[in-house]
Amino acid sequence: MSDCKDLYLCAIYVPPDKNIFYRKYDCDVFEVLQEHIEHYGALGNIAIIGDLNGRIGKANDFIGHDLLSTQLQSDISGLIDYTPDSPSERTTEDIKPANTFGRKILDLCKSSGVRKNTQKERVIKTVKCDYCNGKKRNLGVTGFNRDKPWINDECKELYRTYKRALSQFNLCRSEENRLYLNISKQRFKRMENTLKRRYKTQRGDMFSSMRRTNPKYFYRKFRRKRKTLNSNLTLDDFVTHFKNLVSKDNIIDGQVNDENYDVVYSELDRPFTEQEIDICVKKLKREKAPGYDNILNEFIKECKTVLLPLLCKLFNVILCTGWFPEVWVTSVLVPLFKKGSMNDTGNYRGISLVSHVGKLFTSVIHTRLMKWCKENSILTDAQFGFIPGYGTRDAIFALHSVIAKSLRKGKRLYCCFVDYVKAFDSVSHLILWQKMLKCGIT
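With this note's numbering as the guide, the letters of the sequence shown map in order to residues 1026 to 1467.
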């Protein structure tokens, strides 16, 4: 800027208009921004950067035809110093109409005199025009690659040899040409099958790794496009369903308090360290939906240098007092349709979006418990679920080995496969607490 005034920089992020932020906090962000512009505008220049989640399209950010008539100017001269709004040239590639926040941004610009900076858009438009002009002269599609993804140059050469042998055999159906054709075809098919198996193995390993490291992209890759189906269920139907699901009576209420568990393991009660929390912070996954507090894993990971001492103190207070923040047990419940009729609440699985800070706390406890269970041989080798490094493939291999052993000895093998309905939702918490108390986990 050419003048010597101070520059006040405002970095702001405005959540989308339907975000849970506005149900939790009753405030108008643009009114607050307007007040700050009026305050700091009198002290110097203002620059606003950030994401306001507003689309303004090609609408003007100034008041058009703001000139007063000559008679009116003469009448108010000396009473009011009126300066008409000055039009500003603005370049944009956005042709969509303005949304709700976009209209608020335009009103803010008109009332405060703030203008949208479009220098970036001018540069992008210039680059785009130069690119398009050059593309018309130099670029174009010359052909399509219809080869299978596992085909390489060696396989292509074998295929061409096979086609030449086929043409030669069609011209002269001699025994020599027939043998040469069969040999060429066998070489090509052998190479093609080898490359195809190798490709499928690599793809399988890639998707297996993706399922563990990036499940969101994994399921997006295989998600089928479903037709939009309508449901007659209301919000009250889901409230009643989930209340009945989690409020079932536990029949062993009196059994937990009848026994005394004096075994205490001091290594489980020692204070948390920043190193323990840091290990769990590194395992946090990005692009996960936040809970009721709107705190993202990205915020925790990027600010862990500042947050680690605070989180360590907070987690140790909770460990010593047994006090658990209420916001950590408040979740946003999303019913996810599985299969069957969409008008049956039993065909929906409830997904709870809980606080990521609360999940980090439970992750630290889980890491400590898993280490303790491994050192004290608490878990058996027959358990494959919820253990790092184990999965359904290990269980399938064990079952296959037992079946093969029974067949070799000529014996029968009886297997029982059990699939519990609503197993995760209907498990008794009191039984889990009793099991943990018996193991010495208090």
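Glycine included, C-beta positions come from ideal geometry on N, C-alpha and C. Just so we're clear, the structure is a prediction, and the values are computed from it rather than from any experiment.
Burial state of residue i (16 or more Cβ within 10 Å)
{"i": "glycine 1316", "result": "buried"}
{"i": "tryptophan 1348", "result": "exposed"}
{"i": "glycine 1127", "result": "buried"}
{"i": "tyrosine 1373", "result": "buried"}
{"i": "threonine 1259", "result": "exposed"}
{"i": "tyrosine 1187", "result": "buried"}
{"i": "phenylalanine 1510", "result": "Any question about residue 1510 goes unanswered here, given that the chain covers just 1026 to 1467."}
{"i": "leucine 1361", "result": "exposed"}
{"i": "phenylalanine 1213", "result": "buried"}
{"i": "cysteine 1441", "result": "exposed"}
{"i": "serine 1402", "result": "exposed"}
{"i": "serine 1209", "result": "buried"}
{"i": "cysteine 1180", "result": "buried"}
{"i": "lysine 1153", "result": "Since pLDDT at lysine 1153 reaches only 45, below the 50 mark, its modelled position is unreliable, and no value is offered."}
{"i": "leucine 1204", "result": "exposed"}
{"i": "leucine 1058", "result": "buried"}
{"i": "methionine 1231", "result": "exposed"}
{"i": "leucine 1404", "result": "exposed"}
{"i": "leucine 1432", "result": "exposed"}
{"i": "leucine 1358", "result": "exposed"}
{"i": "tyrosine 1156", "result": "Interpretation of tyrosine 1156 is limited by its pLDDT of 46, a score under 50 that renders its predicted location unreliable; the figure taken from the coordinates is listed afterwards. Classification of tyrosine 1156: exposed, given that the 10 Å Cβ count is below 16."}
{"i": "asparagine 1275", "result": "With a pLDDT of 48 at asparagine 1275, under the threshold of 50, the predicted position of this residue should be treated as unreliable, and no value is reported."}
Cβ pair residue i, residue j closer than 7 Å
{"i": "methionine 1216", "j": "leucine 1191", "result": "no"}
{"i": "cysteine 1305", "j": "valine 1379", "result": "no"}
{"i": "isoleucine 1130", "j": "isoleucine 1062", "result": "no"}
{"i": "threonine 1370", "j": "aspartate 1262", "result": "yes"}
{"i": "phenylalanine 1267", "j": "glycine 1416", "result": "no"}
{"i": "asparagine 1207", "j": "glutamine 1193", "result": "no"}
{"i": "leucine 1133", "j": "phenylalanine 1046", "result": "no"}
{"i": "leucine 1270", "j": "aspartate 1444", "result": "no"}
Cβ-Cβ separation, residue j to residue i (assumed contact under 8 Å), whole Å
{"i": "glycine 1079", "j": "asparagine 1124", "result": "6 Å"}
{"i": "leucine 1344", "j": "phenylalanine 1297", "result": "7 Å"}
{"i": "leucine 1293", "j": "arginine 1393", "result": "7 Å"}
{"i": "tyrosine 1290", "j": "glycine 1414", "result": "Contact doesn't hold; Cβ gap of about 24 Å is too wide."}
{"i": "tryptophan 1353", "j": "valine 1331", "result": "Tryptophan 1353 to valine 1331, Cβ: 20 Å. No contact."}
{"i": "leucine 1438", "j": "valine 1427", "result": "7 Å"}
{"i": "tyrosine 1242", "j": "tryptophan 1175", "result": "Not a contact, Cβ separation roughly 22 Å."}
Query raised in the report: Per the contact definition of three or more C-beta pairs closer than 8 Å, is the stretch 1403-1421 in contact with the stretch 1323-1336?
Result: no
Query raised in the report: Is there contact between the stretch 1381-1395 and the stretch 1358-1366, where contact requires at least three CB pairs shorter than 8 Å?
Result: no
Query raised in the report: Counting pairs of Cβ atoms below 8 Å between the stretch 1192-1203 and the stretch 1235-1242, do you hit three or more?
Result: no
Query raised in the report: Are the stretch 1030-1045 and the stretch 1054-1072 touching by the rule of at least three beta carbon pairs closer than 8 Å?
Result: yes
Requested in this report: For the stretch 1187-1228, list the beta strand (DSSP E) runs that are entirely contained and at least 3 residues long, ordered along the chain.
Outcome: none
Requested in this report: Please confirm if the stretch 1293-1311 is in contact with the stretch 1330-1346, defined as three or more CB-CB distances below 8 Å between the two stretches.
Outcome: yes
Report task. Enumerate, from N- to C-terminal direction, the unbroken beta strand (DSSP E) stretches of 3 or more residues contained entirely within the stretch 1322-1375. Result -> 1357-1362
Query raised in the report: Where in the stretch 1389-1466 do unbroken runs of the beta strand (DSSP E), each at least 3 residues long, occur, reported from the N-terminal end onward?
Result: none
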